[in-house]
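First comes the structure, then the notes that go with it.
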Amino acid sequence: MTTTPQAVRRASPRSRRPADAPVATAAAPVADPSAGLLPATEPVRLLDPSGTPLPARDDYPEPPVAELRELYRRMVVGRRFDIQATALTKQGKLAVYPSSRGQEACQVGAVLALREGDWVFPTYRESMALTARGIDPVEVLTLLRGDWHCGYDPAAMRTAPQCTPLATQCVHAAGLAYGEAYQGRDTVALAFIGDGATSEGDFHEGLNFAAVFKAPVVFFVQNNKYAISVPLSRQTAAPSLAYKGVGYGVPSEQVDGNDPVAVLAVLTRAVQHARSGRGPFLIEAHTYRMEAHTNADDATRYRDGAEVDAWRDRDPVARLETYLRERGELDDAAVAAIAEQAEAYAADLRERMHDKPAVDPMSLFDHVYAEPTPQLVEQREQVRAELAADSDQEGAR
Amino acid sequence: MTTTPQAVRRASPRSRRPADAPVATAAAPVADPSAGLLPATEPVRLLDPSGTPLPARDDYPEPPVAELRELYRRMVVGRRFDIQATALTKQGKLAVYPSSRGQEACQVGAVLALREGDWVFPTYRESMALTARGIDPVEVLTLLRGDWHCGYDPAAMRTAPQCTPLATQCVHAAGLAYGEAYQGRDTVALAFIGDGATSEGDFHEGLNFAAVFKAPVVFFVQNNKYAISVPLSRQTAAPSLAYKGVGYGVPSEQVDGNDPVAVLAVLTRAVQHARSGRGPFLIEAHTYRMEAHTNADDATRYRDGAEVDAWRDRDPVARLETYLRERGELDDAAVAAIAEQAEAYAADLRERMHDKPAVDPMSLFDHVYAEPTPQLVEQREQVRAELAADSDQEGAR
Amino acid sequence: MATTTMAKALNAALADAMADDERVLVFGEDVGQLGGVFRITDGLQARFGDKRCFDTPLAESGIVGFAVGLAMTGLRPVVEMQFDAFGYPAFEQIASHVAKLRNRTRGALSVPIVIRVPYAGGIGGVEHHCDSSEAYYAHTPGLKVVTPATVDDAYSLLREAIEDPDPVVFMEPKKLYFSSAEAELPARTAPFGKAVVRRAGTDATLVAYGPAVPVALEAAEAAREEGWDLEVVDVRSIVPFDDATVTASVRRTGRCVVIQEAQGFAGVGAEIAARVQERCFHALHAPVLRVSGLDIPYPAPMLEHTHLPSVDRVLDTVARLQWDDQPDSRWVAA
Amino acid sequence: MATTTMAKALNAALADAMADDERVLVFGEDVGQLGGVFRITDGLQARFGDKRCFDTPLAESGIVGFAVGLAMTGLRPVVEMQFDAFGYPAFEQIASHVAKLRNRTRGALSVPIVIRVPYAGGIGGVEHHCDSSEAYYAHTPGLKVVTPATVDDAYSLLREAIEDPDPVVFMEPKKLYFSSAEAELPARTAPFGKAVVRRAGTDATLVAYGPAVPVALEAAEAAREEGWDLEVVDVRSIVPFDDATVTASVRRTGRCVVIQEAQGFAGVGAEIAARVQERCFHALHAPVLRVSGLDIPYPAPMLEHTHLPSVDRVLDTVARLQWDDQPDSRWVAA
Ligand SMILES: Cc1ncc(C[n+]2csc(CCOP(=O)(O)OP(=O)(O)O)c2C)c(N)n1
Ligand SMILES: Cc1ncc(C[n+]2csc(CCOP(=O)(O)OP(=O)(O)O)c2C)c(N)n1
Ligand SMILES: [Mg+2]
Ligand SMILES: [Mg+2]
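Residue numbers (the numbering used here), protein chains in the order written: chain A, 43 to 439; chain B, 43 to 439; chain C, 177 to 510; chain D, 177 to 510.
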């Protein structure tokens with residue numbers, strides 16, 4: 043039995059789009075040059091925090107209910123995964139884990155809006171997005187367990203290695219999206235980025251390259267209000283991070299990042315926008331990091347419990363569950379079945395994480411270059427000799 | 043007789059502002075969070091291209107006529123300097139010269155809007171701004187003649203060394219402006235930057251730091267349409283570069299960069315804005331680089347003469363002259379007197395640039411550190427010995 | 177004398193510097209309320225206020241460039257790059273401005289900034305958190321580069337760095353943050369430009385710095401069993417470098433191994449080896465050998481021990497110092 | 177055989193690579209219509225269209241990062257950093273991504289990018305236009321670093337760089353751009369990883385690369401007057417480095433001087449000197465000496481000749497190779 047969520051089955055990415063990805067030209071000033079570029083002043087929201095639907099919107103039609111059920115399922119599994127991973131740190135099975143609890147709607151919603159052939163550019167925080175994408179959870183945790191840097195095959199999973207140097211993935215996403223379009227494929231690239239990382243130069247350069255080359259990229263800012271300990275007020279004086287789009291000629295939108303229906307709706311439209319050849323799109327999701335930055339961090343040093351508690355009431359999982367129940371799309375039995383799936387997923391992960399993996403030190407030399415240099419061959423022989431001496435010594439004991 | 047334009051005499055920069063430079067907080071979404079941040083859709087213009095005044099504006103009152111006359115005088119001297127510098131490259135007295143012909147209104151207008159105690163952060167193109175600032179023209183050309191990197195004393199002239207690594211000066215300006223405010227001084231920093239350089243990460247980081255720390259910086263983009271050969275359409279897909287301000291919570295304006303009256307008016311207000319503690323301001327001036335990027339560049343490779351010719355009709359010097367003549371503030375005699383000043387300035391420069399300066403190779407070791415390291419002392423002795431051997435050899439001949 | 181850690185000594189150095197000199201400002205990512213991810217700036221904001229110790233936007237080039245501007249106004253910025261590899265976004269500001277501003281302006285402007293870089297590995301950190309980046313800075317004229325290996329040096333070198341009229345890249349070996357020792361603070365140890373003999377010996381000299389110093393000392397202890405009495409020199413100050421102490425030691429012992437944690441190729445250890453053989457050629461009974469990290473990207477935690485210079489690797493190398501005066505068989509031409 | 181310049185050879189290499197392999201894209205600042213500030217990309221846009229050779233926004237980190245993304249789709253980006261110091265803004269992308277992507281992903285992703293860097297001085301360039309930045313890259317595992325000194329090597333090494341499965345930092349000595357030679361293009365010379373003996377000699381080996389190679393050759397000519405017959409080895413491929421050729425030469429001659437234009441401290445020359453003495457200790461009659469630029473920021477045009485390794489400085493150094501088998505008086509302890 044596999045407990046990995048299935049990848050969404052949509053049309054294949056290979057497609058008919060012509061190879062010419064036109065380059066944008068700066069428009070001459072017109073009546074309102076920012077028209078269509080500025081975000082709405084308020085985040086898009088389709089459910090209120092209690093799960094009650096708000097008036098329907100033409101611009102953001104509600105996603106099909108089957109997708110919402112799938113969204114719910116993966117969010118539940120994701121959350122269970124997240125809890126399990128945190129537990130593994132306490133048992134010393136993981137060196138460190140950056141939880142994304144509270145950000146389930148963003149992480150899963152973004153992935154669900156994509157086709158299988160699209161590319162995801164995650165940060166270290168996107169573990170739930172990766173599990174939602176169908177990556178083996180053990181491979182998701184390879185980095186944090188410490189047996190290698192990237193545990194999954196990025197090419198096979200159309201998911202870049204989780205990116206730690208902040209914002210650097212933004213330009214990769216622009217390049218990849220442009221390269222795909224250049225080769226006639228209608229792939230969309232989705233770049234995750236945090237609120238803090240928008241301050242880095244590479245965020246600017248990534249947006250700008252994507253805009254100038256009309257690359258099909260969705261830049262998805264999860265504004266979880268903190269960069270480790272630093273609150274948003276120290277990152278920007280802008281009205282909101284979404285207002286950065288206009289400076290690149292990139293349309294943008296804000297979304298309630300704890301409203302799973304709105305997240306999926308906004309992401310779906312942004313992905314369509316990108317895929318249709320109209321260039322990049324910027325989304326700022328307002329959400330909250332419920333846990334500390336990582337298990338090694340102590341969030342009580344910089345924020346108080348009341349703030350965290352207030353966000354508990356906006357829990358994205360409960361919100362979607364309420365809504366689906368109200369609509370009659372989910373009942374106790376279905377909820378229990380999904381919870382069971384999630385438990386099985388966690389149990390499987392726990393079991394497979396039980397033993398320390400075997401890592402071969404000689405593999406250190408395998409992937410520095412396609413072929414090791416003579417210098418590396420020498421160093422490899424030295425390490426081989428050291429290891430042999432070690433095992434001789436152990437044998438002698 | 044000194045032919046250096048006098049520095050503007052205004053109030054001294056030391057002042058009464060309290061040492062607390064408050065840090066901005068991101069505003070919660072309100073009705074129109076971009077209100078007051080977006081630029082007007084059209085560049086501010088107070089004179090039409092022929093020099094005829096346009097209807098007066100409350101928001102940008104015309105600067106006092108004495109300032110306009112001084113502006114004219116310095117523009118004429120600046121242009122003459124620029125022509126002289128270009129001539130010096132042909133005579134092999136300068137290695138290279140990036141002309142700013144066509145940008146006189148921007149370069150001189152910006153400097154005139156400042157007090158003596160304010161700081162200027164120029165790029166390699168700002169030679170005319172430097173002469174307008176009262177820096178000895180020979181010292182302005184030190185960099186390009188090649189006897190040392192920065193020829194003037196930046197601390198004394200409150201003018202940073204001309205900056206070549208593009209956009210890096212933006213963060214320096216933010217730091218300096220904040221540091222001055224922190225120490226209770228009401229200094230404003232003006233950072234020049236080109237259209238191309240706005241694509242660099244440091245432009246983003248500089249604007250953001252200035253905004254978050256409410257540092258009194260005016261970011262002045264001279265959009266002269268090209269970055270060497272690369273047209274603006276390759277730099278951005280934004281409606282205009284001024285639209286970048288809102289993404290940082292920084293108000294912005296566009297100005298006709300070939301309208302000297304508008305440039306001075308807009309800069310004056312922006313400087314006031316900054317000095318009053320309201321944080322940075324972004325200006326995009328639409329102008330044109332009449333010459334090639336430098337004398338070493340061949341602009342015919344990437345733009346046609348018709349485009350250049352069209353801009354000839356928008357000449358900022360002629361525009362201001364016409365206007366001042368129409369107003370009766372300038373007559374043939376005054377124009378001739380200024381032209382004579384400019385000639386004298388150029389003649390003096392020519393003369394003083396005639397001889398190759400004496401540069402002492404031993405000075406190479408003087409300013410790497412406050413005190414040379416033992417390694418540098420060793421290398422200095424080696425060079426001293428080499429030079430001694432050379433001069434022995436020459437003596438022997 | 178109280179027992180204290182290197183982390184605490186660094187914290188004390190910052191606090192004392194801020195108390196003694198109003199111009200000192202401490203800023204960077206998470207250095208304010210949080211006190212830094214390693215708590216090196218712990219308590220500074222509470223004690224000196226959020227104008228003197230503060231968080232910035234998350235942008236290293238911005239942090240360093242902002243410091244340049246502040247230094248131009250006479251302030252003394254001390255900035256933190258949260259981890260080694262996160263100094264790279266600031267590389268242009270460091271190499272083209274911080275290192276050069278004094279020179280470019282013939283001394284009219286100076287940039288007495290301290291850039292603190294927690295560096296190197298051995299702590300099970302994930303990728304990009306364990307680089308040894310000192311050679312990039314040491315190769316850049318205009319920067320001073322120092323790195324403590326002891327608790328009192330941590331305090332003293334940091335105080336001196338803040339007082340120094342030149343920009344200093346202050347490399348803090350992360351794995352030694354929580355090493356502790358008896359130390360009487362405020363301590364003042366040997367100044368910049370001085371290496372220190374940490375252990376006297378007669379048979380060979382181990383030259384090391386930062387995280388490699390404890391490895392060298394441990395190796396020297398272990399070497400006694402093999403009958404070798406090794407001297408250990410702690411470089412401390414990479415730029416300026418103390419040729420005198422190092423060459424005096426090697427001339428005495430006649431043999432030398434240079435140890436660094438960084439990947440070897442074109443690292444600081446190469447410079448030291450090159451200098452030592454230039455200056456001590458006739459005293460050497462064997463080539464100057466090097467022990468360093470492998471020439472690979474810093475590996476994942478489970479493999480880092482294979483990468484890091486170990487006591488065994490040092491001893492193996494010492495064993496190759498041609499004690500029998502026979503050439504190293506590895507390099508004998510076929 | 178026709179006479180051609182290094183600039184033209186590089187241009188031909190790019191054109192031939194683009195003609196042979198559709199995946200090759202050339203981009204950067206001013207490389208399109210202008211053909212590059214040194215005209216290395218001249219005519220490529222006209223011939224191959226503006227989808228295959230194009231200008232980008234002015235942002236080096238963006239250029240390199242964009243290339244990373246393109247390479248992930250199977251394309252072969254060749255990017256230009258307009259001048260050496262303008263590669264620094266891209267340093268994080270180069271050190272943390274380009275160099276590491278293959279390793280991080282156990283080979284699942286690779287980044288066969290060529291980063292062309294016109295470097296070094298001797299052309300009267302203003303500040304920030306003349307840095308020798310090769311050591312920063314050579315010290316970064318995962319990058320290959322090559323630098324031609326001859327016209328046919330310029331062609332051949334660039335073709336090979338573009339074909340190579342690994343990222344290559346291709347350092348182009350600016351002052352040799354307009355040096356010319358007889359060359360039959362397309363030429364294929366020795367592959368990556370091979371040094372070449374440019375001049376045979378018996379008394380000492382000069383090891384040099386890039387802009388220092390002509391200096392070494394000229395010095396070797398001049399040395400004949402002094403009675404020295406010098407061998408000159410052109411390194412060409414800094415990473416991977418050809419130990420075999422260099423050590424074979426030094427074992428033959430027994431003496432070695434390493435010449436580089438970059439500032440000396442912790443540069444590539446230090447690595448070469450360290451390696452040579454490690455491997456040739458018993459063959460050496462004198463320490464391996466180095467000639468390099470001074471440890472100062474690159475100076476203004478009127479002073480650059482004092483900074484640059486000159487023929488005289490090389491000869492002075494050769495003179496110190498202890499031809500009388502007496503120790504260098506400079507280093508004799510007081
Ligand atoms: C270039 C760089 N600088 C610093 C860091 C250290 N660091 C890791 S996460 C983090 C905070 C990021 O905040 P944000 O972008 O809001 O993302 P979040 O962690 O909240 O998801 C910092 C400073 C880094 N990884 N990369
Ligand atoms: C970081 C960096 N990259 C590249 C260059 C090379 N360069 C010098 S000027 C220039 C064009 C700048 O254009 P723009 O910002 O529009 O200013 P302008 O020259 O038009 O005044 C370039 C690419 C540089 N100086 N610095
Ligand atoms: Mg965040
Ligand atoms: Mg321009």
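All C-beta atoms in this analysis are idealised placements derived from N, C-alpha and C, irrespective of residue type, glycine included. Since the structure is predicted, the reported quantities are computational estimates derived from the model, not experimental observations.
- For the pair of segments examined, the region 348-365 of chain B was found to touch the region 293-310 of chain B: the number of CB pairs separated by less than 8 Å reaches three.
- By the Cβ test, the region 143-160 of chain B is in contact with the region 105-114 of chain B, since at least three Cβ pairs between them sit closer than 8 Å.
- Pairing E303 (chain C) with H191 (chain A) gives a Cβ-Cβ distance under 8 Å.
- Burial state of M182 (chain C) is buried, judged by a 10 Å Cβ sphere holding 16 or more other Cβ atoms.
- Annotation for V244 (chain D): the continuous alpha helix (DSSP H) segment containing it runs 236-248.
- The beta carbon of H328 (chain B) lies closer than 7 Å to those of P85, N265, Q296, D298, G299 in the same chain, with the five residues before and after it left out.
- Distances taken from the Cβ of N279 (chain D) to the heavy atoms of ligand 4 include none shorter than 7 Å.
- In this structure, F230 (chain D) has its CB at a distance of at least 7 Å from all heavy atoms of ligand 2.
- Cα atoms of E397 (chain D) and G377 (chain D): separation of roughly 11 Å, rounded to the nearest angstrom.
- Within the chosen limit of 7 Å, ligand 3 does not reach the beta carbon of G370 (chain A) with any heavy atom.
- The continuous alpha helix (DSSP H) containing C148 (chain B) extends over residues 146-154.
- If you look at C229 (chain C), you'll find it in the beta strand (DSSP E) that goes 229-231.
- Chain C has no Cβ within less than 8 Å of the Cβ of T128 (chain A).
- Nearest in C-alpha terms to R200 (chain A), of all of D:V290, D:A296, D:V408, D:G245, is D:G245.
- Under the Cβ distance rule, P265 (chain C) counts among the residues neighbouring chain A, one pair being separated by less than 8 Å.
- If you compare the alpha carbons of A:K135, A:P81, A:G93 with that of P399 (chain A), the shortest gap goes to A:K135.
- Across the region 186-218 of chain A, CB contacts with chain D closer than 7 Å involve W190, H191, C192, D195, P196, A197, P203, P207, T210, V213, H214, A215, A216, G217, L218, in sequence order along the chain.
- Per DSSP, the continuous alpha helix (DSSP H) segment holding V182 (chain B) begins and ends at 179-187.
- For F245 (chain B), no CB of chain C lies under 8 Å from its own CB, so it is not counted at the interface with that chain.
- At the C-beta level, V293 (chain C) and A442 (chain D) stay beyond 8 Å of one another.
- Nearest Cα to V434 (chain D) within the set D:I472, D:P477, D:G386: D:G386.
- In the structure shown, C212 (chain A) falls within a helical segment according to DSSP collapsed to helix, strand and coil.
- Short of 7 Å from the beta carbon of A316 (chain B), and not among the five residues preceding or following it, lie these beta carbons of its own chain, in chain order: V230, P258, V259, V260, P322, F323.
- The region 231-247 of chain D makes contact with the region 238-249 of chain A; the number of CB pairs closer than 8 Å reaches 3 or more.
- Under DSSP, no beta-bridge partner is assigned to P416 (chain B).
- F354 (chain C) counts as exposed, since fewer than 16 other beta carbons sit within 10 angstroms of its beta carbon.
- For the region 220-242 of chain D, residues whose beta-carbon sits nearer than 9 Å to a beta-carbon of chain B comprise F230, D231, T232, P233, L234, A235, E236, S237, G238.
- Residue contact with chain D for E393 (chain A): absent (no Cβ-Cβ distance below 8 Å to any residue of chain D).
- Going by beta carbons, L382 (chain C) and A392 (chain C) fall inside the 8 Å limit.
- Using a CB distance cut-off of 8 Å, K135 (chain A) does not count as an interface residue toward chain B.
- In this structure, V255 (chain C) sits near A243 (chain C), with a CB-CB distance shorter than 8 Å.
- Closest by C-alpha distance to E112 (chain B), out of B:N250, B:V150, B:G188, B:A279, is B:V150.
- D:T421 is the residue among D:D196, D:T421, D:N187 whose C-alpha sits nearest the C-alpha of A366 (chain D).
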